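Heads up, the sequence shown is in this note's numbering, so the first residue is 871 and it goes up one at a time.
All C-beta atoms in this analysis are idealised placements derived from N, C-alpha and C, irrespective of residue type, glycine included.
What you are looking at is a predicted structure, and each value in this text was computed from that prediction instead of being measured.
So the structure is just underneath, and the comments pick up after that.
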Amino acid sequence: MFGTYDYQESIADVSVVDLSHTVSEMMRRIEEGNGEVEGLSAIMVMNVLVERALVPKKWKMERLLQKADDQRLTRLGQSLTTF
């Protein structure tokens, strides 16, 4: 089974890094007043890019959050039994 770090590694892959750079560039354009990209607003383009990059990773993100919750509950249970 993957550890939490392995899930984080696989979620933050090249597509997410590329998305981050693209969104940063679009935000810069918006701040400069040039928020149009081929007739579409930069916000619309960003929404599409985010969805394309993150939808395939949804299960991994859900699993990562579940593992984090499980770890917190385990630690909480251990803390309660020491009192």
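**Asked** Taking the alpha helix (DSSP H) that Lys930 falls in, what are its first and last residues?
**Response** 928-951
**Asked** How long is the line joining the alpha carbons of Glu921 and Gln936, rounded to whole angstroms?
**Response** 21 Å
**Prompt:** Is Ser890 near the ligand ATP, with its Cβ less than 6 Å from a heavy atom?
**Reply:** The ligand ATP is not among the ligands present in this structure, which contains no ligands whatsoever.
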